[in-house]
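In this note's numbering, the protein residues as written are 13 to 590.
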């Protein structure tokens with residue numbers, strides 16, 4: 013903690029080398045310098061506009077028509093609402109494929125495969141051939157009324173109806189274009205999902221590491237025999253991917269029709285689950301190592317994200333072509349793309365075997381090659397790239413980001429000095445500015461100090477740290493009010509600490525939106541005045557991460573007074589040209 017450099021234990025180094033199947037010299041080979049190739053540049057619009065958008069967690073959306081989870085139909089409808097209000101993009105959680113056979117595994121940042129989409133976001137009622145009698149209205153109503161997203165219930169109903177629709181349609185495959193784009197990776201992912209469903213039915217886990225040994229080999233005889241004996245099962249999952257991509261394209265078209273200049277702002281997770289389809293039979297992934305973060309101010313024990321990394325040895329040997337292929341896929345439907353933990357382009361904190369975060373260490377990647385692949389995809393698809401450069405940012409990394417046109421991520425809650433908040437006027441031009449993210453409290457939660465109470469209650473910080481952070485929060489609230497008063501956005505009155513009034517929430521957004529940064533985003537949760545955090549890092553069953561729903565429906569959002577107030581402030585601060 014505190015930025016000190018520590019030597020990794022010998023046992024850590026030995027375990028990492030063994031998992032990578034490499035000697036120390038092999039790990040050190042390749043270009044691992046903190047630099048980019050000359051001419052490497054991501055796409056950036058040349059206009060002087062400073063667009064704003066709304067970030068949301070798709071599953072959180074409630075509507076009169078969805079089945080207890082936000083879907084691509086809700087996204088298309090919301091695009092019209094937000095575009096009419098002046099927004100130029102919609103930010104989304106990662107939409108990556110998870111584990112259909114284990115829907116309770118719901119973290120969008122722990123995907124089975126980053127190349128493909130989560131079929132639970134399919135709007136089943138928008139699939140050709142659907143009729144209302146195909147779904148039990150009582151089951152739909154129960155899922156809608158559940159206070160949290162009931163992932164197992166949603167999956168059971170959606171897959172049941174989708175299976176019926178597929179059979180009525182003649183058990184088709186995915187469209188030729190989807191098959192061509194997906195290639196062998198789509199074939200393997202669909203096969204994985206088909207086998208995973210069978211394994212769970214037989215009492216095994218959904219992930220391949222819990223399967224019998226002969227099924228763990230993606231190219232073995234047992235799997236090959238399954239392909240020949242049960243071709244329809246994998247074909248169904250390819251068809252699901254085709255539906256998901258088609259509906260996401262429809263949502264993207266809705267953004268265009270609503271006048272959005274950027275459209276969908278997608279998110280790319282830093283890694284994949286070690287037992288998912290992306291790691292099954294893929295030598296580029298190292299399932300014996302996990303990505304995490306070292307101990308810090310917010311988490312004294314460090315973090316273990318449980319994600320398998322791409323092999324730094326393989327990336328160096330192949331000039332990062334596998335990563336370039338991933339980027340080509342990730343940018344295809346994205347007007348903007350957020351790279352989760354952008355420092356992972358150069359180094360990742362890796363934890364071997366059964367060790368904990370305190371025994372982890374950093375491993376280097378061929379940054380110049382990684383950036384070149386990202387930039388090529390960005391330019392080809394005209395995708396703006398945002399790098400999540402939070403936490404332990406190596407000296408010089410942000411300078412390289414700036415050189416290649418990757419926007420920095422500037423969060424009000426982190427942009428501070430000992431004297432208070434950094435004025436938005438001092439934010440960099442090449443950045444996305446916002447109040448907070450999915451790993452941080454909503455504005456209401458921050459104002460109340462709920463995040464400190466929750467971290468302390470879950471044992472992530474001790475008594476002394478909780479007391480210190482609570483004292484600091486009182487100072488931060490006072491400093492924020494002083495800044496708003498100085499900017500003539502607040503009267504100077506101190507609101508009740510239990511609830512920030514809507515005018516204060518709007519004033520904070522108005523203040524931050526004056527930043528010269530290219531992009532500004534407001535969380536939908538702040539528009540709907542949520543207090544419960546989406547995710548508390550380093551918790552699992554202690555908190556219902558990734559399961560909360562919004563307090564307002566998609567139909568109600570345009571009628572919310574706070575929505576109107578914030579949208580008006582942002583249109584004034586960041587008007588569209590023309």
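Think of the CB as a built atom: it goes at the ideal place given N, C-alpha and C, for glycine as much as any other residue.
Check: Would you call residue 180 buried or exposed, if buried means 16 or more other Cβ atoms sit within 10 Å of its Cβ?
Finding: Taking the chain shown and counting its residues from 1, one reaches residue 180 at position 168. When all chains shown are included, residue 180 counts as exposed.
Note to self: Considering just the uninterrupted stretch of the beta strand (DSSP E) at residue 364, what are its terminal residues?
What the structure shows: In the chain shown, the residue the question calls residue 364 occupies position 352. Where residue 364 is concerned, the enclosing beta strand (DSSP E) starts and stops at 359–364.
Notebook entry, point to check: Considering residue 204, what are the terminal residues of the alpha helix (DSSP H) in which it resides?
Noted result: Mapped onto the chain shown, residue 204 falls at position 192. Run containing residue 204: 188–213, per the alpha helix (DSSP H) assignment.
Notebook entry, point to check: To which residues of the same chain is residue 196 closer than 6 Å at the C-beta, ignoring the five residues directly before and after it?
Noted result: Counting from 1 along the chain shown, the entry for residue 196 is found at position 184. Taking C-beta separations shorter than 6 Å and ignoring five residues to either side along the sequence, residue 196 has no partners in its chain.
Notebook entry, point to check: Under the rule that 16 or more other beta-carbon atoms within 10 Å means buried, what is residue 553, buried or exposed?
Noted result: For the purposes of this step, residue 553 is taken as the residue at position 541 of the chain shown. Residue 553 counts as exposed, since fewer than 16 other C-beta atoms from the protein chains shown sit within 10 angstroms of its C-beta.
Notebook entry, point to check: Per DSSP, what kind of secondary structure is residue 267 in: helix, strand or coil?
Noted result: As a working mapping, residue 267 is identified with position 255 in the chain shown. Residue state, collapsed to three classes: helix.
Check: Is it buried or exposed for residue 40, if we count other Cβ within 10 angstroms and need 16 for buried?
Finding: On the chain shown, residue 40 is found 28 positions in, with the first residue counted as 1. For residue 40, the predicted structure reports a pLDDT of 46, less than 50, and the residue's modelled location is therefore unreliable. A value from the coordinates is still provided. Its Cβ having fewer than 16 others within 10 Å, residue 40 is exposed.
Checklist line | DSSP three-state assignment for residue 274, whether helix, strand or coil | finding: Within the chain shown, the letter at position 262 stands for residue 274. DSSP places residue 274 in coil when its eight states are reduced to three.
Note to self: Can you list, in chain order, the residues of its chain with a C-beta nearer than 8 Å to that of residue 141? Leave out the 5 residues immediately preceding and following it.
What the structure shows: Within the chain shown, the letter at position 129 stands for residue 141. So the qualifying residues of the chain are 177, 180 and 181.
Notebook entry, point to check: Is residue 386 closer than 8 Å to residue 358 when the C-beta atoms are compared?
Noted result: Along the chain shown, read from residue 1 onward, the residue named residue 358 stands at position 346. Along the chain shown, read from residue 1 onward, the residue named residue 386 stands at position 374. No. Outside cutoff.
Margin query: Below 8 Å on the Cβ atoms is my contact criterion, and I expect residue 383 with residue 303 to pass it. Report the Cβ-Cβ distance as a whole number of Å.
Written below: Sequence index remark: in the chain shown, residue 383 carries index 371 (1-based). Sequence index remark: in the chain shown, residue 303 carries index 291 (1-based). Actually they do not touch by this definition, with Cβ atoms about 19 Å apart.
Next item on the list: Tell me whether the beta-carbon of residue 401 lies closer than 8 Å to the beta-carbon of residue 355.
Entry: For the purposes of this step, residue 401 is taken as residue 389 along the chain shown, with counting starting at 1. For the purposes of this step, residue 355 is taken as residue 343 along the chain shown, with counting starting at 1. Result yes, Cβ atoms of residue 401 and residue 355 sit closer than 8 Å.
Next item on the list: Would you kindly work out how many angstroms separate the C-alpha atoms of residue 422 and residue 187, rounded to a whole number?
Entry: The sequence position of residue 422 within the chain shown is 410, counting from 1. The sequence position of residue 187 within the chain shown is 175, counting from 1. When rounded, the distance between both Cα atoms is 40 Å.
Item checked: Those residues which DSSP pairs with residue 446 across a bridge -> The residue labelled residue 446 in the question sits at position 434 within the chain shown. Paired residue(s): 423.
Check: What are the boundary residues of the alpha helix (DSSP H) that includes residue 67?
Finding: Working through the chain shown from its first residue, we reach residue 67 at position 55. It is not in any alpha helix (DSSP H) - residue 67 instead sits in the beta strand (DSSP E) that spans 64–68.
Notebook entry, point to check: Tell me which same chain residues have a C-beta within less than 8 Å of the C-beta of residue 166, skipping the five on either side of it?
Noted result: Residue numbering aside, residue 166 sits at position 154 when the chain shown is read from its first letter. Cβ within range, chain order: 79, 80, 81, 115, 132 and 155.
Notebook entry, point to check: According to the neighbour-count rule (16 or more other Cβ atoms, all chains shown, within 10 Å of its Cβ), is residue 52 buried or exposed?
Noted result: As a working note, residue 52 is residue 40 in the chain shown. Classification for residue 52: buried.
Checklist line | Residue from 445, 479, 87 and 523 whose Cα sits closest to the Cα of residue 531 | finding: Numbered from its first residue, the chain shown carries residue 531 at position 519. Checking every option, the nearest Cα to that of residue 531 belongs to 445.
Check: What three-state label does DSSP hand residue 393 in the structure shown?
Finding: Indexing the chain shown from 1 puts residue 393 at position 381. Of the three classes helix, strand and coil, the one that applies to residue 393 here is helix, per DSSP.
Note to self: Does residue 162 come out as helix, strand or coil in the three-state DSSP assignment?
What the structure shows: Within the chain shown, numbered from 1, the residue matching residue 162 stands at position 150. For residue 162, the secondary structure class from DSSP, reduced to helix, strand or coil, is coil.
Next item on the list: Return helix, strand or coil for residue 544, following the three-state DSSP convention.
Entry: Counted from its first residue, the chain shown places residue 544 at position 532. Coil at residue 544, not helix or strand.
Notebook entry, point to check: Could you give the C-beta distance for residue 287 and residue 220, rounded to a whole number, given that I count them as a contact under 8 Å?
Noted result: Stepping through the chain shown from its first residue, residue 287 is reached at position 275. Stepping through the chain shown from its first residue, residue 220 is reached at position 208. Cβ-Cβ separation between residue 287 and residue 220: approximately 5 Å, consistent with a contact (criterion under 8 Å).
Notebook entry, point to check: Between which two residues does the beta strand (DSSP E) harbouring residue 90 extend?
Noted result: For the purposes of this step, residue 90 is taken as the residue at position 78 of the chain shown. If you look at residue 90, you'll find it isn't in any beta strand (DSSP E); it sits in the alpha helix (DSSP H) that goes 84–97.
Notebook entry, point to check: Rounded to the nearest angstrom, how far is the Cβ of residue 525 from that of residue 581, given a contact under 8 Å?
Noted result: Counting from 1 along the chain shown, the entry for residue 525 is found at position 513. Counting from 1 along the chain shown, the entry for residue 581 is found at position 569. With 8 Å as the limit, residue 525 and residue 581 qualify as a contact, their Cβ atoms being about 7 Å apart.
Notebook entry, point to check: Are the Cβ atoms of residue 104 and residue 556 separated by less than 8 Å?
Noted result: Taking the first residue of the chain shown as 1, we reach residue 104 at position 92. Taking the first residue of the chain shown as 1, we reach residue 556 at position 544. Contact: no.
Next item on the list: Give the DSSP bridge partners of residue 108, in chain order.
Entry: Taking the chain shown and counting its residues from 1, the one referred to as residue 108 is at position 96. According to DSSP, residue 108 bridges with 129.
Note to self: Which residue wins for smallest C-alpha separation from residue 509, given the options 26, 389, 498 and 490?
What the structure shows: The residue you call residue 509 lines up with position 497 of the chain shown. Checking every option, the nearest Cα to that of residue 509 belongs to 490.
Check: Who are the Cβ neighbours of residue 31 in its own chain at under 7 Å, not counting the five residues just before and after it?
Finding: Position 19 of the chain shown holds residue 31. By the criterion of a C-beta distance shorter than 7 Å, residue 31 is surrounded in its chain by 298, 300, 301 and 364, once the five residues flanking it on both sides are discounted.
Item checked: Burial state of residue 520 (16 or more Cβ within 10 Å) -> Looking up residue 520 in the chain shown gives position 508. Within 10 angstroms of the beta-carbon of residue 520 lie 16 or more other beta-carbons, which makes it buried.
Note to self: Three or more C-beta pairs under 8 Å: does that hold for the stretch 254–274 against the stretch 94–101?
What the structure shows: Enough Cβ pairs lie closer than 8 Å, so yes.
Notebook entry, point to check: Any contact of the stretch 558–570 with the stretch 477–485, i.e. 3+ C-beta pairs under 8 Å?
Noted result: The stretch 477–485 and the stretch 558–570 do not touch, with fewer than three beta-carbon pairs separated by less than 8 Å.
Check: Counting along the chain, where does the beta strand (DSSP E) carrying residue 373 start and finish?
Finding: Against the chain shown, residue 373 aligns to sequence position 361. That run of the beta strand (DSSP E) goes 373–376.
Checklist line | Beta-bridge partners of residue 315, as assigned by DSSP | finding: Looking up residue 315 in the chain shown gives position 303. According to DSSP, which records beta bridges pairwise, residue 315 is partnered with 305.
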